[in-house]
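Engineer: Pasting a structure here, questions to come.
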Amino acid sequence: MSEVLIKIRGLKFSRGDRVIFNNVDMDIPRTGITAIMGPSGTGKTTLLKLIGGQLRPDAGSIEVDGQNIHQLKTRELYELRKRMGMLFQSGALLTDLSVFENVAYPIREHTKLNEAMVRQLVLLKLNAVGLRGAMDLSPAELSGGMARRVAMARAIALDPMMIMYDEPFTGQDPISMGVLVKLIKSLNDALNICSIVVSHDVYETMSIANYVYIISAGTVVEHGSPEDIHSSDSEWTRQFMEGLADGPVPFHFDAPPLFDDLFAVSERRRG
Amino acid sequence: MVNNLLDRIQALGHGTLAALSRLGRANVFLMAVFAGLSGMLMRPGLLVKQLFSVGVQTLIIIVVAGLFVGMVMALQAYYALVDFGAEDSVSVMVVLSLLRELGPVITALLFAGRAGSALTAEIGLMKATEQLSGMEMMAVNPVERVVAPRFLAGVISMPLLAAIFSAVGVMGGYLVAVQMLGLDSGAFWSQAQSKVELFEDLGNGMIKSLVFGFVVSWIAVFEGYDCIPTSEGLGQATTRTVVYGSLAILILDFVLTALMFSK
Amino acid sequence: MNTRTLELLVGLFVAAGLAALFMLAMSVSNLASFGGDEGYIIKARFDNIGGLKVRSPVSASGVRIGRVTDISYDSEGFEALVSMSIDPQYNTFPIDSSASILTSGLLGEQYIGLEPGAEEEYLVAGSMIDITQSALVLEQIIGQFLYSKADE
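Protein chains in written order, with the numbering used here: chain A, 393 to 663; chain B, 72 to 334; chain C, 2 to 153.
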């Protein structure tokens, strides 16, 4: 495992009464693809927002490139964010700008390059995701997969040190899923950066990840290389990886025995 | 029984605290918007775009409404005054009620319904589709880039729209009074000129519309920014903008009128 | 829509708003007839001012030349003291001009009418008008009428 880029220690976070993370420790290396997997609702997206400094933890620390995210001043945080790329589930393209302008947006905001250079950069980035031909379209005209690819081009526009992918495969047809898997892999290798993929699509994620964290119920259940995870003898991990209906995560939501419940209606009303 | 009562009291407390915390958030948010205004002014293009969608696109409804309100006022004033032989004062009644009340208030109500709800929906939709989060992650402050220009455009547009409403209303009143009811055109203008004060009436009306524009724009952008990012939450936020906005206008109108015109 | 059209429309909108304001100021309000408070102040005493109010018009021969700026009660002379601001362009009222409180129409509001005198000297800021006629109070008129009828 190479040098650590993101160091999470004792992370605690809750929304209202619901505990999302309870004492999570993670080390994410500076290069390679790190996958964070877990069932829906375990706060994977929340984790990305915590790393990006959009949410504040109740306790614990997150260090990115040696800087404690939640002790930075707004200006410093914004400086750091220029070196982070994030791909939102919906793509989060600005709907009133064209594809070209969307990719140009961070470049125009943070550099003083002249128009010709902006254009060159944008075309290169769009070419990398195979959508140079779509540069004049508006985001509304793109399919979900294409929107995500444009968002990828935008995320790499400023040559960041890391990219966070929030559920990149959700709701995609097999072809665009394949395209996205290939793109994440090839971008990561070409730029030699840190990619964090949050997903519950086991097969696709495992095929490209160098290191895998599995989280559930607020804690890291298991971590290791994909091979380690596959050969894990944890019952929970096996259920998640193979998608079994019943196991440590029961098929039935917590309930009293069926018989009791069926005949307890009238009593419960009174209580 | 006692538990039931305690539950209700708790619900009351919960509601009060929630309302207070919303109010607090709205104030903190307003400060952030003010802070964002300076950064926004370096990009006047953003403001022009919003002046278009907030001001220009509200213009038609304002002009049509102003024309008909002025015409109705002239008719009503005529029927009320003709019995006293004072129909020459129709213009005074039309102009004064337009400048002092109807211009600012109706414009603000229409503004809340047309532009305010659109602002909320736009910002809320950007939140729901993660565009605001996306901007934050691109190290761009969405309050400065998205909210501040919309807020400022609202504050600038309101007095202009109110002035246009009143002016068109006066012309509508003129049409009815002079063309339809056959009053003297000279008397129409001179009566108004002799009774309408520049600062007292026109000035105070403009101050009113400025205050309304400020409050409605504030409510609209806050509701959008604070909404629950789902289609349901968005709908509720849009409704709240119109309801809270309209109530705020009417309540503030009373307060301002009491302050300005009571002597 | 390109930037030019956008800016053009916004420009038109702002211009229309300002034009509306200008139109309201010029043609409907009193800006054209009397601008602000930079007139000179003269004073007059009245036994009874009736319904006269601050901001009531002051006119001469039916032309508006100023407005009432202050009304107070002089507790030594037991009279009302009225200050009025006169548009500086009308600065040639003789010192013996008289002021009366009149009513415009049957139900109209009350105003001060200035009647020029014959002296060479003019009224200046701070001058006092000596010859005044108070407001007619309806009860007094009726009372006088009844007395005169009773005398007949």
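Note that the Cβ used here is the ideal one computed from N, Cα and C, for glycine as well.
Since the structure is predicted, the reported quantities are computational estimates derived from the model, not experimental observations.
(1) With a threshold of 16 other CB atoms inside 10 Å of the CB of THR466 (chain A), please say whether the residue is buried or exposed.
(2) Taking the alpha-carbon positions, what's the PHE293 (chain B) to ALA210 (chain B) distance?
(3) Taking all protein chains shown into account, do 16 or more other C-beta atoms lie within 10 angstroms of the C-beta of GLU559 (chain A), making it buried, or fewer, making it exposed?
(4) Taking the alpha helix (DSSP H) that PRO566 (chain A) belongs to, which residues open and close that run?
(5) Quick check: what's the CA-CA separation for THR70 (chain C) versus ILE102 (chain C)?
(6) Could you list the residues in the region 227-238 of chain B with a C-beta less than 9 Å from some C-beta on chain C, going in chain order?
(7) Could you name the residues that DSSP lists as bridge partners for ILE425 (chain A)?
(8) How far does the alpha helix (DSSP H) with GLY86 (chain B) in it extend, from its first residue to its last?
(9) Between ARG541 (chain A) and LEU513 (chain A), what straight-line distance do the alpha-carbon atoms span, to the nearest angstrom?
(10) Taking a Cβ distance cut-off of 7 Å, strictly less, list which residues of the region 198-212 of chain B are near chain A, in chain order.
(11) So which of A:ASN494, A:LEU505, A:LEU579, A:LEU518 has the shortest CA-CA distance to GLN202 (chain B)?
(12) Helix, strand or coil: how does DSSP classify ARG46 (chain C) here?
(13) Please say whether ILE443 (chain A) and ILE607 (chain A) have beta carbons closer to each other than 8 Å?
(14) Does any residue of chain B have a CB that is nearer than 8 Å to the CB of ARG65 (chain C)?
(15) If distances are taken between C-alpha atoms only, which option among C:ALA61, C:GLN90, C:GLU8 comes closest to TYR112 (chain C)?
(16) Would you mind telling me which residues of chain C sit closer than 7 Å to LEU281 (chain B), beta carbon to beta carbon, in chain order?
(17) For the region 289-306 of chain B against the region 189-205 of chain B, do three or more pairs of beta-carbon atoms, one drawn from each stretch, fall closer than 8 Å, so that the two count as touching?
(18) Residues in its own chain within less than 7 Å of VAL134 (chain B) by CB, not counting five upstream and five downstream?
(19) Going along chain B, which residues have a C-beta under 9 Å from VAL125 (chain C)?
(20) Measure from the C-beta of GLY444 (chain A) to each C-beta in chain B and report whether the shortest distance is under 8 Å.
(21) Within 10 angstroms of the Cβ of GLU207 (chain B), are there 16 or more other Cβ atoms? Answer buried if so, exposed if not.
(22) Any residues in the region 122-133 of chain B with a beta carbon nearer than 9 Å to a beta carbon of chain C? Which ones, in chain order?
(23) Note down, in chain order, each residue of its chain lying with its Cβ closer than 8 Å to the Cβ of LEU523 (chain A), except the 5 sequence neighbours on either side.
(24) Return the residue from the list B:PRO175, B:ALA233, B:VAL214, B:SER265 that minimises the CA-CA distance to ALA103 (chain B).
(25) Closer than 8 Å between beta carbons: that is the criterion. Which residues of the region 496-507 of chain A meet it against chain B?
(26) Less than 8 Å between the CB atoms is what I'm expecting for ILE50 (chain C) and ILE66 (chain C), so what's the real figure, rounded?
(27) Using a threshold of 8 Å, state whether the C-beta atoms of ALA21 (chain C) and ARG46 (chain C) are closer than that.
(28) From which residue to which residue does the alpha helix (DSSP H) around ALA224 (chain B) run?
(29) May I ask you to report which of helix, strand or coil DSSP gives SER288 (chain B)?
(30) Mind pulling the chain C residues with CB within less than 7 Å of VAL166 (chain B)?
(31) For a cutoff of 8 Å on Cβ pairs, would you count LYS474 (chain A) as touching chain B?
(32) Would you mind reading off the limits of the beta strand (DSSP E) that contains PRO58 (chain C)?
(33) Check whether the region 219-236 of chain B touches the region 270-282 of chain B, counting contact only when three or more Cβ pairs, one atom from each stretch, lie closer than 8 Å.
(34) Should SER288 (chain B) be labelled buried (16 or more other beta-carbon atoms within 10 Å of its own) or exposed?
(35) Going by the beta-carbon positions, is the gap between GLY141 (chain B) and VAL241 (chain B) smaller than 8 Å?
Structural biologist: Reading from the atomic positions:
(1) The residue is exposed, with fewer than 16 neighbouring Cβ atoms inside 10 Å.
(2) ALA210 (chain B) has its alpha-carbon roughly 21 Å from the corresponding atom of PHE293 (chain B).
(3) Flag for GLU559 (chain A) reads buried.
(4) From DSSP, the alpha helix (DSSP H) with PRO566 (chain A) extends over 566-583.
(5) When the Cα atoms are used, THR70 (chain C) and ILE102 (chain C) turn out to be separated by approximately 15 Å.
(6) Only those residues of the region 227-238 of chain B whose C-beta falls short of 9 Å from the nearest C-beta of chain C are listed: ILE227, SER228, PRO230, LEU231, LEU232, ALA233, ALA234, ILE235, PHE236, SER237, ALA238.
(7) Paired residues: A:SER587.
(8) Start and end: 73-112.
(9) If you draw a straight line from the Cα of ARG541 (chain A) to the Cα of LEU513 (chain A), it comes to about 16 Å.
(10) The region 198-212 of chain B vs chain A, Cβ under 7 Å: THR200, GLU201, GLN202, SER204, GLY205, GLU207, MET208, MET209, ALA210, VAL211.
(11) Closest by alpha carbon: A:ASN494.
(12) Three-state result, ARG46 (chain C): strand.
(13) Not in contact: ILE607 (chain A) and ILE443 (chain A) (Cβ atoms no closer than 8 Å).
(14) Yes, ARG65 (chain C) counts as interfacial toward chain B.
(15) For the residues C:ALA61, C:GLN90, C:GLU8, the minimum Cα distance to TYR112 (chain C) belongs to C:ALA61.
(16) Neighbours of LEU281 (chain B) on chain C: none; closest Cβ ~12 Å, over 7 Å.
(17) The region 289-306 of chain B, when compared against the region 189-205 of chain B, does touch it at the 8 Å Cβ threshold.
(18) Here the set comprises ILE235, VAL239.
(19) Simply none; closest approach about 27 Å.
(20) GLY444 (chain A) counts as touching chain B.
(21) Counting every other CB atom within 10 Å of its CB across the protein chains shown gives GLU207 (chain B) a total of 16 or more, marking it as buried.
(22) Residues are counted here when their Cβ sits less than 9 Å from a Cβ of chain C; for the region 122-133 of chain B these are LEU122, PHE123, GLY126, VAL127, LEU130, given in chain order.
(23) Here the set comprises VAL491, MET538, ARG541, VAL542, ALA545.
(24) Of B:PRO175, B:ALA233, B:VAL214, B:SER265, the smallest CA-CA separation from ALA103 (chain B) is found for B:VAL214.
(25) Here the close residues are TYR497, PRO498, GLU501, HIS502.
(26) That pair is no contact at about 19 Å.
(27) With respect to the 8 Å criterion, ALA21 (chain C) and ARG46 (chain C) are not classified as neighbours on the basis of their beta carbons.
(28) It spans 219-245 - the alpha helix (DSSP H) in which ALA224 (chain B) sits, taken as one unbroken run.
(29) Reduced to three states, the DSSP call for SER288 (chain B) is helix.
(30) Within 7 Å Cβ-Cβ: VAL29.
(31) Answer yes: the Cβ-Cβ gap between LYS474 (chain A) and chain B drops below 8 Å somewhere.
(32) Following the DSSP letters along the chain, one finds PRO58 (chain C) inside the beta strand (DSSP E) bounded by residues 58-61.
(33) Proximity of the region 219-236 of chain B to the region 270-282 of chain B meets the contact definition, three or more beta-carbon pairs being nearer than 8 Å.
(34) With a 10 Å radius around the Cβ and a threshold of 16 neighbouring Cβ atoms, SER288 (chain B) comes out buried.
(35) Judged by their CB atoms, GLY141 (chain B) and VAL241 (chain B) are nearer to each other than the 8 Å cut-off.
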